[in-house]
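Enquirer:
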Amino acid sequence: MDLSTGLGLAFGIVVLCTLILMGGDLGMFLDVHAFIVIFGGATAATLIRFPLSSLFHGFPLGMRFAFTMRRWTSRELVEEIANLAEIARKQGPIGLEKAEVEDTFLAKGMRYVADGYDADFIRNNLERDMDNFCVHLDEGQKIYRAVGDCAPAFGMVGTLIGMVQMFANMTDPSKLGPFMATALLATLYGALLANLLCLPIADKLHGKLLDEETNRTLIIDGILMIRDSKSPALVREMLLAYLPEKHRHEEGEPVPA
Amino acid sequence: MDLSTGLGLAFGIVVLCTLILMGGDLGMFLDVHAFIVIFGGATAATLIRFPLSSLFHGFPLGMRFAFTMRRWTSRELVEEIANLAEIARKQGPIGLEKAEVEDTFLAKGMRYVADGYDADFIRNNLERDMDNFCVHLDEGQKIYRAVGDCAPAFGMVGTLIGMVQMFANMTDPSKLGPFMATALLATLYGALLANLLCLPIADKLHGKLLDEETNRTLIIDGILMIRDSKSPALVREMLLAYLPEKHRHEEGEPVPA
Amino acid sequence: MDLSTGLGLAFGIVVLCTLILMGGDLGMFLDVHAFIVIFGGATAATLIRFPLSSLFHGFPLGMRFAFTMRRWTSRELVEEIANLAEIARKQGPIGLEKAEVEDTFLAKGMRYVADGYDADFIRNNLERDMDNFCVHLDEGQKIYRAVGDCAPAFGMVGTLIGMVQMFANMTDPSKLGPFMATALLATLYGALLANLLCLPIADKLHGKLLDEETNRTLIIDGILMIRDSKSPALVREMLLAYLPEKHRHEEGEPVPA
Amino acid sequence: MDLSTGLGLAFGIVVLCTLILMGGDLGMFLDVHAFIVIFGGATAATLIRFPLSSLFHGFPLGMRFAFTMRRWTSRELVEEIANLAEIARKQGPIGLEKAEVEDTFLAKGMRYVADGYDADFIRNNLERDMDNFCVHLDEGQKIYRAVGDCAPAFGMVGTLIGMVQMFANMTDPSKLGPFMATALLATLYGALLANLLCLPIADKLHGKLLDEETNRTLIIDGILMIRDSKSPALVREMLLAYLPEKHRHEEGEPVPA
Amino acid sequence: MDLSTGLGLAFGIVVLCTLILMGGDLGMFLDVHAFIVIFGGATAATLIRFPLSSLFHGFPLGMRFAFTMRRWTSRELVEEIANLAEIARKQGPIGLEKAEVEDTFLAKGMRYVADGYDADFIRNNLERDMDNFCVHLDEGQKIYRAVGDCAPAFGMVGTLIGMVQMFANMTDPSKLGPFMATALLATLYGALLANLLCLPIADKLHGKLLDEETNRTLIIDGILMIRDSKSPALVREMLLAYLPEKHRHEEGEPVPA
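Chains as they are written, first to last, in the working numbering: chain A, 1073 to 1329; chain B, 1073 to 1329; chain C, 1073 to 1329; chain D, 1073 to 1329; chain E, 1073 to 1329.
(1) Is the beta carbon of C:L1265 less than 8 Å from the beta carbon of C:A1223?
(2) What is the DSSP secondary structure of C:T1254, counted as helix, strand or coil?
(3) Among D:I1291, D:P1165, D:V1086, which one has its Cα closest to the Cα of D:L1198?
(4) Looking at chain B, is there any beta carbon in it that lies within less than 8 Å of the beta carbon of A:A1116?
(5) With H, G and I counted as helix, E and B as strand and the rest as coil, what does DSSP make of E:Y1216?
(6) Under 8 Å, Cβ to Cβ, is there at least one residue of chain D near A:E1325?
(7) Look at the alpha carbon of D:I1233 and the alpha carbon of A:M1310, and state the distance between them as a whole number of angstroms.
(8) Does B:V1236 come out as helix, strand or coil in the three-state DSSP assignment?
(9) Provide the residue span of the alpha helix (DSSP H) that contains C:F1101, from first to last.
(10) Suppose the cutoff is 8 Å on Cβ atoms and the five residues either side in sequence are ignored; what does the same chain contact list for C:V1104 look like?
(11) Cutting at 7 Å between CB atoms, please list the residues of its own chain near A:T1231, excluding the five before and the five after it.
(12) Quick check on this structure: which residue in D:S1303, D:I1295, D:K1276 has the alpha carbon closest to the alpha carbon of D:D1074?
(13) Name the chain A residues that come within less than 9 Å of D:R1217, Cβ to Cβ?
(14) Should the region 1140 to 1158 of chain E be regarded as contacting the region 1296 to 1305 of chain D, the criterion being three or more beta carbon pairs within less than 8 Å?
(15) For chain C, is any of its Cβ atoms less than 8 Å away from the one on E:P1132?
(16) Short check: CB of B:A1116 to CB of C:F1083, under 8 Å?
(17) Unbroken alpha helix (DSSP H) runs of length 4 or more, entirely within the region 1112 to 1172 of chain A: which are they?
(18) Taking Cβ-Cβ distances shorter than 7 Å, what residues in chain B pair up with C:D1275?
(19) What are the boundary residues of the alpha helix (DSSP H) that includes E:G1080?
(20) Count the other C-beta atoms from every protein chain shown that fall within 10 angstroms of the C-beta of C:E1211, then say buried if there are 16 or more, exposed otherwise.
(21) Near D:L1133, what residues of its chain come up, given a Cβ to Cβ distance below 7 Å and the 5 sequence neighbours on each side ignored?
(22) What is the rounded straight-line gap between the Cα of D:L1268 and the Cα of B:V1219?
(23) In its own chain, which residues sit with a C-beta less than 7 Å from the C-beta of B:R1308, not counting the 5 before and 5 after it?
(24) Using a Cβ-Cβ distance under 8 Å, would E:H1321 count as near chain D?
(25) Would you kindly report the start and end of the unbroken alpha helix (DSSP H) that includes E:V1185?
(26) On the three-pair Cβ rule with 8 Å, is the region 1106 to 1113 of chain B touching the region 1122 to 1132 of chain A?
(27) Is it true that the CB of B:L1098 sits closer than 8 Å to the CB of B:R1195?
(28) Can you tell which of E:D1192, E:M1182, E:R1142 has the C-alpha that lies nearest to the C-alpha of E:K1280?
(29) Using CA coordinates, which residue listed in A:P1123, A:R1200, A:F1139 is at the minimum distance from B:D1021?
(30) According to DSSP, is D:N1197 helix, strand or coil?
(31) Can you tell me whether C:D1293 is helix, strand or coil according to DSSP?
(32) When the Cα atoms are used, what is the spatial distance from E:L1156 to D:D1192?
(33) If you measure between the beta carbons of A:R1288 and A:F1137, is that distance less than 8 Å?
(34) Give the secondary structure of D:D1190 by DSSP, where H, G and I count as helix, E and B as strand, and everything else as coil.
(35) Could you confirm whether any beta carbon from chain C is found closer than 8 Å to the beta carbon of B:L1296?
(36) What residue from E:N1204, E:G1095, E:L1271 has the CA that sits closest to C:A1225's CA?
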């Protein structure tokens, strides 16, 4: 569970409800027109923009991954892999079968090693899995960004439609208020969809994509080293050396000022 | 048929009609002024921006390609080419003549092989075809993007012209409503043309251009290998090895979470 | 004559006049205030932005080149050069003097060859000409783009000045209309100058710059090959091989779908 | 203490207060709605955008570093390191223990040298510290920039919410004023948060990040040279040679015009 | 004196005054509120954005350099250096002391040669001068661009503050005019500061930075060749060969169409 995504969304909803309830009732801010134009318009534009297969894979994967989190940092992952290397050295590859591994990708690799597949098969299969996963995660990121980019425009479209209807039927200017309020809701929905939901999620997915690429490459390298019966110390040292700077020191060592 | 483009457009039109009919009649949203300023202005700016020959080739090709789709993914294409290699090995190049090939580009290459042209001739002709096609597809993408970029500006121009006429003739403020509604239509048309039609189509064409470059390079390589009487297994293996990561695993294998 | 630039401008003017005349008279849209702020402001900012020499060379060259067009495509140019190589081989360099060459740059090179200048002299002179030309064309493109970028801002400046004067003198709100109409004209002028004239012309000049660099490099290479008495067939083959993909197949061969 | 950040903030507050007090009382510009929407919205979006750990490290480090300043320029740092080399040569590494070094990063390195750690240990430890520091500083910069990018959008959201409530409850247009004033405050808060605080701080942090990377690399190189008992003159010369151009002449030598 | 900067500014002021006087008196456009918010706000944000030392060096240097101009083009500079090489060959380095050299940077180099400093010293000193100069010019460019980027935002801040005060105190809508006029002045000031002054000056400084880098590199190379007693012809030829294309043909040779 990625706490900050959930916290952020919950906090955003609380903020919105507080604001709305401070100045009136919630119903004033619900409007089926605005809902149709924003969600309908963004859906239509996104359908045209991407192939169907990207949408089916990227959209739900992106949403799921924005809320879930790798249990370990790169550094902990290296320790975990070194532990597995220790087990493999003491008990042989068979021992890996009984090891409990939470990360599904690492677990899959361990099973391959325990089953005695050769290195090429393992590398090919895991790399295909990883490519497949990263392509879908990147598609997810692009879809959320595309929705975030067009939502404000459809907000404006909704408000314009509302204003055209309002002005065309205008007989008594003093009755414009409620119509204007409704027309503005579409712009509000568009701004919220873009700035509170889609663009932040696209940014988070982009960060996660970079992290997963590092971590899965790390896991593949580690698994192949375990298959070659490298010593746990060597596994740890080589994996740490491969880490890009950013991941080498993720733990909060005190920062010298 | 590219389902998502058609679906998206149809859905967009349904959304717009629903919104319009919920708040009044459709006629209120039809205005010849707004139509002239958006389509006339965008046409004028696009004519100045591009050479005539780009417009004639790129515009219709782009529209056609946004709605059509390659029948096979890269992976299926490799299988198809491997099948053709099988036929060529069993029946000789002559056998290719009778093979049914749906993709016109692949079919053309097969005919060349069946007719016994030499490798240089085949490569030159197919690469020229492919370059020609990709140049026109890229021009199409640029034209749709340029129209999408200038449409909102011409929407503003149309609204400004309407407002100038409205204010200049203003005698009774209470009669402003219908004029204002008409003036706003140009901005609405511009936003819809850009965000619902042109920019999404430009994005889709960009994605298709990348895919077609991969697929046609694949076909050319495959055809030349068949002409050199390579074994079907080798053809399949080498073509798969050439595929960029993204295309290697297009099929929806279950994504490891 | 570049048809599309002229057509686009003419069409843009027709569209504007139609719109204006449909809603009133033309005089309503002419305002000396708006004219001064847009053209004065854009001129002032452009003077500060560029050195005087760039403005003197780039501005008129850009305008001229947006409307003129190279008579031949790269492919035809290669044929023309091959014909000249044929003449040179049959009649000797002297024969080139009598050959009619429409392109002034090619003609200049031919005269150098006919006069028997050495290859270094010819290359240096023609490259200097070409650099000089491309630098000025690029300056022209940058100037039109800079004007197009600042014109909407000066449109806003003009409208703000008009609104400040209107509000400061406001006594009777019902008389605001005509003042407001005039104030909005500056924004209208700025949007038109940018989106109908300057930005499209800058884009077209950018495309022409890329084409001219290819064509003039082609001409220089061809002239030097003629001076070295290469055979026409070799000239044609080598020049075609040098062409970047895009220019190799400019002619509209049927596009395979 | 980085004078310009403090001065800028103080000056900004003075300017705002002056403006506000010239036209009324301060209370008119305080509004809990606007405060909630801007700070709540920006917090929610930032929580979604970044992982919690980046927020905890990057945010306070960025704020602290925007206001503090390295006491020395790169050039002075080279002198300081050369002085320490002098001490190390005269008194042995032990002498470094008593040397007073203000910069905590340099001090840490000196302690390592005095304690006789080997070069690899020193380099590894200091580089890990430096990477760690730079990653957090970069995260800080990105967080401030992300807040600055979304604050105006939440300002618009706040104003839209206010206007919807205002229009929905509108009975007497003449009483709209105070509601409108309150609604506009959110836009004002958003613009100030972005343009007066977050974006300038992000820019300053970006500049400091570049400087710190240079300076800490310089310190690590210098400490290792001192550990190798290089002569002070050589240390000075080599460190100056490593400096990128910009840092070589930071001192205000008269600029030739 | 860089004519175009001065001309542009003068022309811009004339345009503004004409517009203002055509529609009323100048006093209507002077407002201390707007002045404070634009200049105060931009100053505060710029102080936070840059270190004090950059501001002290870059700001005045940028302003000075926007208005001054190198007396010679690169081509003329080569001639001047070749003339000095001629003098040095005829009269020995001593002769350079009496040569009148207007360019202060070239003059400084000549003095070094006349005084018999060795090549390393001369190169080091001149390169340090040049780096120093270019760093400050680049800082100047960045400062003007940053001011130009934030000025419109502070214009909006000023207008928002004015509108909040206006709406909060609104009792009689018919008296809103003068308050609205004043509020809009801040937006007007911001747009003018950005589009008429800061952004064009930043663009001009960017162009000058590129030119000065070329010219000063040219001067340093030339001075070192003179110190090595190279022949004037060789100096001219080598310097011309070093020139980037753009500077080789600055003089207005007739452009072939």
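C-beta atoms are modelled at their ideal positions from N, C-alpha and C, and glycine is treated no differently.
These numbers come from a predicted model, not from an experiment.
Expert: Working from what's here:
(1) Taking 8 Å as the cut-off, the Cβ atoms of C:L1265 and C:A1223 count as close.
(2) Three-state result, C:T1254: helix.
(3) Measuring from the Cα of D:L1198, the nearest candidate turns out to be D:I1291.
(4) By the rule that beta-carbons nearer than 8 Å mark a contact, A:A1116 touches chain B.
(5) In the three-state scheme derived from DSSP, where H, G and I count as helix and E and B as strand, E:Y1216 is classed as helix.
(6) Unreliable positioning characterises A:E1325 in this predicted model, as indicated by a pLDDT of 42, which lies under 50. The coordinate reading is nonetheless provided below. So yes, A:E1325 belongs to the interface.
(7) Looking at the two C-alpha atoms, the distance is approximately 56 Å.
(8) Here B:V1236 sits in helix by DSSP.
(9) Element bounds for C:F1101: n/a, residue is neither H nor E.
(10) Excluding positions up to five away in sequence, the list is empty.
(11) Here the set comprises A1255, L1256, A1258, T1259.
(12) If we check each option's Cα against that of D:D1074, D:K1276 comes out closest.
(13) Going along chain A, no residue has its Cβ under 9 Å from D:R1217, so there is no contact; the nearest lies around 11 Å.
(14) When C-beta atoms of the region 1140 to 1158 of chain E are compared with those of the region 1296 to 1305 of chain D, fewer than three pairs fall below 8 Å, so the two segments do not count as touching.
(15) E:P1132 does not count as touching chain C.
(16) Contact: yes.
(17) Listed in chain order, they are 1113 to 1121, 1124 to 1139, 1146 to 1163, 1166 to 1170.
(18) Within 7 Å Cβ-Cβ: R1121.
(19) In this chain, the alpha helix (DSSP H) harbouring E:G1080 covers 1075 to 1094.
(20) Result: buried.
(21) Result list for D:L1133: H1208, L1209, G1212, in chain order.
(22) Going from the Cα of D:L1268 to the Cα of B:V1219 covers about 36 Å.
(23) So the qualifying residues of the chain are V1150, A1154.
(24) Here E:H1321 scores only 48 on pLDDT, less than 50, and its place in the model is too uncertain to base an answer on.
(25) Residues 1176 to 1186.
(26) No, the region 1106 to 1113 of chain B does not touch the region 1122 to 1132 of chain A.
(27) B:R1195 places its beta carbon 8 Å or farther from that of B:L1098.
(28) The shortest C-alpha to C-alpha distance from E:K1280 to any of E:D1192, E:M1182, E:R1142 is the one to E:R1142.
(29) Not covered by the structure: residue 1021 of chain B. The range shown for chain B is 1073 to 1329.
(30) Helix at D:N1197.
(31) When secondary structure is reduced to three states using DSSP, C:D1293 falls in the helix class.
(32) Cα to Cα, the separation comes out at about 55 Å.
(33) No; because the gap between Cβ atoms is not below 8 Å, this pair is not in contact.
(34) For D:D1190, the three-state secondary structure derived from DSSP is coil.
(35) Chain C contact via Cβ: absent.
(36) Residue E:L1271 is the option with its Cα nearest to C:A1225.
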